[in-house]
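Working notes, beginning with the structure itself.
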Amino acid sequence: MELKVRQRGGIVVEYGDQGVMLDPTRNSHSYPTFVTHAHSDHAAAFKHPEREKYATPETYELLKAMGWNRLDNLNPVRFGDKVKLGDIEVRVHNSGHVLGSTQYEVNTPEGTVLYTGDMCTEDTFTMNPAQAVDCDMLIIETTFGSPMFQFPKRDDVAVEVYQWAVNTVLSGRIPVFTADSIGNAQEIISILNQYTNLPVVTAKSASRVTDVYRGVGYNLDSVDSKSDEGQELIESRKCAIVTPKRSKMVADKVEVALVSGWALLFRKKRVAFPLSDHADYRGLLGFIRRCKPKRVLTCHGGSMTKDFHNHVKRSLGVPAAPLSSRVETIRGPLMKNENRIQACSRQIVRTVRIPGFVYQPGWLVKEMGRQGFTPNETENSIEFLIEKGILKGTSDGVHLA
Ligand SMILES: [Zn+2]
Ligand SMILES: [Zn+2]
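Last residue of the sequence shown: 410 (the numbering used here), numbering continuous.
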């Protein structure tokens, strides 16, 4: 039996006929499901109440605070826990990203896979750094996996943050920090609490999420914009506001700053603070080195970070590739399978010809079966074509993109 990893509506780790699903993006597999954290691009499994899910209680509380409902079938896990599922054992580690965020270490008799989820390798104002874990295959997120992303020292950013906030108040305007409700918002509150006497007013989901942080012992001093105290502070104009991105302003005469790792790209054009809850390029490479993997698979990146696997090969000498629908093992991809997927994909493209028509996967499996392809090969090929942007998936099936 071989340990296998691939992307198929999430990350699938398989050993023999057993497997686990990590951060699924749709309901593609019946394997036990693990969710790393409460950001919506990772937590989609919670849209399927019938599914058994493993996640931390903090992730659950944060999703509730963000307005998700029907969060049924949770098996709560904590850092250090081990979940035994037949021959597979999943261990839970801190990923340093946001409250309750985990990495999952999947142990099998053939070797170990570590999936980082989103992670941060630095000590931040709210989180302890991600823990490196010895593993054979490392599946690592690469949001900022390009040499152009090098975050300045956190303490220096913190100084910029509070100086800007205080100066803005002195000039008669209210400093507003737009930040992700989960993670960045709490770090800004923590910095302002630590360095200034400026009261902090939070808006909308940033308030509810901060309540969750407080509920597990974080000492964050802020009030909601709708409360009497919040209203008074906004009228006095002697406060800072922390609000989710893209939400309506709760005050006028404001000065707005962006808080995000992406701020590195916008700093010249607008007020933007590069305070990230992700590792930067060097953080990622250092983390990989400490995990000592035999093979690295990259995921969760964009066009700017698509070469990260080459950087891993060059600077660390570790074999690396982007995680895709092709099956990967510790020794490398299963090539035979890849040729089959390509042949099957060509066949599917020849078959799916009517623009806009939705083809059901079951029908395609039957059609491809006639050409000698297994259901598994057909499903992988569909996944491959979706990834390539040739097909689009809907809830009923797939159609030409
Ligand atoms: Zn995240
Ligand atoms: Zn993410």
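Backbone N, C-alpha and C fix where the C-beta goes; we use that ideal spot for every residue, glycine too. Here the structure is a predicted model, which is why all the values come from computation and not from measurement.
Glycine 126 CB to nearest heavy atom of ligand 1 below 8 Å: Mapped onto the sequence shown, residue 126 falls at position 117. Yes, ligand 1 has a heavy atom inside 8 Å of this Cβ.
Contacting residues, own chain, Cβ-Cβ under 7 Å from threonine 205 (five flanking each side not counted): As a position in the sequence shown, residue 205 is number 196, starting the count at 1. Closer than 7 Å at Cβ, skipping near neighbours: Tyr171, Ala174, Val175.
Through-space distance from glutamate 238 to histidine 408, alpha-carbon basis: Counted from its first residue, the sequence shown places residue 408 at position 399. Counted from its first residue, the sequence shown places residue 238 at position 229. For histidine 408 and glutamate 238, the distance between alpha carbons rounds to 53 Å.
Near ligand 4: aspartate 286 beta-carbon under 8 Å from a heavy atom: For ligand 4, the structure offers nothing, since it holds only ligand 1 and ligand 2.
Separation of valine 374 from threonine 130, as counted between CA atoms: As a position in the sequence shown, residue 130 is number 121, starting the count at 1. As a position in the sequence shown, residue 374 is number 365, starting the count at 1. Computed Cα separation, rounded: 43 Å.
Top-ranked residue by Cα proximity to phenylalanine 88, from Asp220, Thr111, Glu70: Sequence index remark: in the sequence shown, residue 88 carries index 79 (1-based). Closest option to phenylalanine 88, Cα to Cα, is Thr111.
Residues bridged to glutamine 172 (per DSSP): The residue you call residue 172 lines up with position 163 of the sequence shown. Beta-bridge pairing links glutamine 172 to no other residue.
Exposure label - aspartate 286; buried when at least 16 CB within 10 Å: Walking along the sequence shown from the start, residue 286 turns up at place 277. Result: buried.
Whether leucine 284 touches valine 265 by CB criterion (9 Å): Here the question's residue 284 lines up with position 275 in the sequence shown. Here the question's residue 265 lines up with position 256 in the sequence shown. Going by C-beta atoms, leucine 284 is not nearer than 9 Å to valine 265.
Glutamate 114 vs aspartate 81 beta-carbon contact at 9 Å: The residue given as residue 114 occupies position 105 in the sequence shown. The residue given as residue 81 occupies position 72 in the sequence shown. Taking 9 Å as the Cβ cut-off, glutamate 114 and aspartate 81 do not qualify as a contacting pair.
Per-residue burial, threonine 187 [other beta carbons within 10 Å of its own, 16 or more giving buried]: As a position in the sequence shown, residue 187 is number 178, starting the count at 1. Its Cβ being crowded by 16 or more others within 10 Å, threonine 187 is buried.
Sheet register partners of glutamine 112 (DSSP bridge): Position 103 of the sequence shown, counting from 1, holds the residue named residue 112. Paired residue(s): His102.
Burial state of asparagine 116, where buried means 16 or more other Cβ atoms lie within 10 Å: Locating residue 116 in the sequence shown gives position 107, counting from the first residue. That one is buried.
Residue of Gly154, Gly105, Pro85, Leu31 minimising C-alpha distance to arginine 291: For this step, residue 291 is matched to residue 282 along the sequence shown. That would be Gly154, whose Cα lies nearest to the Cα of arginine 291.
Distance between isoleucine 20 and leucine 83 (C-alpha atoms, nearest Å): Translated into positions along the sequence shown, residue 83 becomes position 74. Translated into positions along the sequence shown, residue 20 becomes position 11. Cα to Cα, the separation comes out at about 19 Å.
Among Leu12, Ile148, Asp132, Thr152, the one whose alpha carbon lies nearest that of alanine 329: Walking along the sequence shown from the start, residue 329 turns up at place 320. The candidate whose alpha carbon is nearest that of alanine 329 is Ile148.
Per-residue burial, asparagine 193 [other beta carbons within 10 Å of its own, 16 or more giving buried]: Along the sequence shown, read from residue 1 onward, the residue named residue 193 stands at position 184. Under this definition asparagine 193 is a buried residue.
Three or more C-beta pairs below 8 Å linking the segment 73-80 and the segment 126-143: no
Any non-hydrogen atom of ligand 2 within 8 Å of histidine 408 CB: Numbered from 1 along the sequence shown, position 399 holds the residue referred to as residue 408. Histidine 408 Cβ: outside cutoff for every heavy atom of ligand 2.
Check: glutamate 150 C-beta below 8 Å from any heavy atom of ligand 2: Taking the sequence shown and counting its residues from 1, one reaches residue 150 at position 141. Yes, the Cβ of glutamate 150 comes within 8 Å of a heavy atom of ligand 2.
Host beta strand (DSSP E) of cysteine 300 (start-end): Working through the sequence shown from its first residue, we reach residue 300 at position 291. Counting along the chain, cysteine 300 falls outside any beta strand (DSSP E), though it belongs to the alpha helix (DSSP H) covering 290-300.
C-beta atoms of phenylalanine 393 and isoleucine 350 nearer than 9 Å: What you label residue 393 is simply residue 384 of the sequence shown in a count that begins at 1. What you label residue 350 is simply residue 341 of the sequence shown in a count that begins at 1. It is a contact, given that the beta carbons lie within the stated cut-off.
Classification of arginine 323 by the beta-carbon crowding that lies within 10 angstroms, buried from 16 upward: By one-based count along the sequence shown, residue 323 stands at place 314. So arginine 323 ends up on the exposed side.
Where leucine 306 falls, given that 16 or more other Cβ within 10 Å makes a residue buried: As a position in the sequence shown, residue 306 is number 297, starting the count at 1. Its Cβ being crowded by 16 or more others within 10 Å, leucine 306 is buried.
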